[in-house]
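Just so we're on the same page, the numbering used here is the position in the sequence shown counted from 1, plus 114. From the three backbone atoms N, C-alpha and C, an ideal C-beta is built for every residue, glycine too. Note that the structure is a prediction, hence the values are computed from the model and not measured. One structure below.
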Amino acid sequence: MSTPVSVPKNSRIIGALMMRETITRFGREGLGFAWLIGEPLLFCLGVLIMWSIIKPAYEHGVRLGPFVMTGYMCLLLLRHQISYSQNAIQGNIGLLFHRQIKVLHVFLARNLLEFMGASAAFMIVYVVLAALGQVTWPHDILLVYVGWVILALISSGLAMTLAALALRWEVMERLVPLLTYALIPLSGAFFMVDWLPHRFQEMYLLIPIPHGIEMVRAGVFGEFVKTHYHVGYALTWACILNFLALILLADARDRVDVE
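Structure follows, in structure tokens:
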């Protein structure tokens with residue numbers, strides 16, 4: 115009877131996979147990793163410049179800079195976790211030859227790396243935009259952290275669930291990219307829930323993703339901007355999605371041809 119893998123050993127395996135992923139994706143010089151920060155920063159600045167020309171500085175009482183920043187960074191976290199989870203097994207299939215490395219290790223390593231990279235990008239983009247006078251210090255930084263973590267948990271659960279389904283049905287590989295585009299309007303990254311007609315707000319908030327984004331914005335803007343979110347509802351969905359992912363990934367090794 116084999117002994118279970120200990121928590122410290124799991125941590126070492128995940129840490130080693132994250133280091134390997136970082137070197138594989140960004141190289142050893144660190145210049146590639148810098149693009150992880152540069153890409154969202156350039157996008158935010160580009161959108162801010164474009165919107166500042168065609169839009170007023172405030173829309174619905176919300177300042178343009180922090181609105182664009184919070185929306186795009188949250189969407190970046192969501193879409194990157196989903197897209198990079200889709201080819202996680204294919205990119206690490208040779209490692210599954212080692213019995214100690216589980217399929218779940220690969221997904222956890224990739225999602226943790228995306229979370230850390232997006233979090234670092236968010237902080238640096240925030241500092242740069244603050245230096246340019248586009249944003250101010252968050253009114254409730256703890257609420258920003260909580261919303262960001264909840265959004266990451268929902269994103270990772272959704273990402274692993276979709277990746278597990280793709281291992282079962284090849285058609286999912288074609289549907290997932292379409293879903294990531296659909297998440298642009300569904301996530302609420304580029305509008306506030308309060309901007310919707312009142313009769314649609316409760317229906318829209320059945321989607322768990324906007325709750326995390328609204329929490330981040332509530333922490334950034336404070337009580338002067340009306341936001342809509344329910345922490346318990348979002349956490350419940352995060353637990354459901356991650357639990358479903360664990361169930362679907364339980365037999366994932368049997369569905370992968372390990373050479």
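Just to confirm the assignment, what range does the alpha helix (DSSP H) spanning residue i have?
i: Phe-236; result: 217-245
i: Glu-287; result: 286-300
i: Gln-248; result: That residue, Gln-248, is in no alpha helix (DSSP H); it is neither H nor E in DSSP.
i: Leu-257; result: 255-282
i: Val-330; result: 323-335
i: Tyr-343; result: Premise fails: Tyr-343 is in no alpha helix (DSSP H) and is neither H nor E.
i: Leu-189; result: 178-200
i: Phe-314; result: 312-318
Would you please state the rounded distance, in angstroms, between the beta carbons of residue i and residue j? I believe it to be under 8 Å.
i: Met-183; j: Leu-257; result: That pair is no contact at about 16 Å.
i: Asp-254; j: Gly-333; result: 4 Å
i: Leu-156; j: Leu-265; result: About 22 Å separates the two Cβ atoms, so there is no contact after all.
i: Pro-322; j: Ile-238; result: Wrong, their Cβ atoms sit about 27 Å apart, outside the cutoff.
i: Val-176; j: Phe-335; result: 7 Å
i: Leu-297; j: Arg-193; result: 7 Å
i: Leu-243; j: Cys-158; result: 7 Å
Exposed or buried, which one is residue i when buried takes at least 16 other CB atoms within 10 Å?
i: Cys-188; result: buried
i: Val-241; result: exposed
i: Gly-179; result: buried
i: Cys-353; result: exposed
i: Pro-252; result: buried
i: Met-274; result: buried
i: Thr-136; result: buried
i: Arg-282; result: exposed
i: Val-249; result: buried
i: Ser-125; result: exposed
i: Ala-234; result: exposed
i: Phe-314; result: exposed
i: Phe-357; result: exposed
i: Leu-355; result: buried
i: Ile-361; result: exposed
i: Ile-163; result: exposed
i: Leu-300; result: exposed
i: Leu-363; result: buried
Here's a check: name, in chain order, each residue in its chain whose Cβ is nearer than 8 Å to the Cβ of residue i, leaving out the five neighbours to either side.
i: Tyr-318; result: Gly-302, Val-307, Leu-310 and Pro-324
i: Val-345; result: Val-260, Ile-264, His-325 and Met-329
i: Ile-128; result: His-219, Leu-222, Ala-223 and Leu-226
i: Trp-165; result: Leu-178 and Val-182
i: Lys-123; result: Gln-214
Taking 7 Å as the cut-off, does the CB of residue i come closer than this to any heavy atom belonging to the ligand GDP?
i: Gly-152; result: Within the structure as shown, the ligand GDP is missing, as the structure has no ligands at all.
Give every residue of the same chain whose Cβ lies closer than 7 Å to the Cβ of residue i, excluding the five residues on either side of it in the sequence, and list them in chain order.
i: Met-132; result: Ala-223, Leu-226 and Leu-227
i: Ala-280; result: Gln-200, Met-286, Glu-287 and Val-290
i: Ala-359; result: Gly-271, Met-274, Thr-275 and Ala-278
i: Ile-167; result: none
i: Trp-351; result: Ile-268 and Pro-322
Only counting the same chain, and skipping five residues up and downstream in sequence, which positions put a Cβ closer than 6 Å to that of residue i?
i: Gly-185; result: Ala-303 and Phe-304
i: Arg-331; result: Thr-184 and Thr-341
Checklist entry - Is there contact here, the segment 329-343 with the segment 194-201, by at least three beta-carbon pairs under 8 Å? => result no
Next on the checklist: For the structure I just gave you, are there three or more beta carbon pairs, one from the segment 291-311 and one from the segment 214-226, closer than 8 Å?
Outcome noted: Cβ pair count under 8 Å is below three, so no.
Checklist entry - How do the segment 151-161 and the segment 219-229 stand: do at least 3 beta-carbon pairs fall below 8 Å, yes or no? => result no
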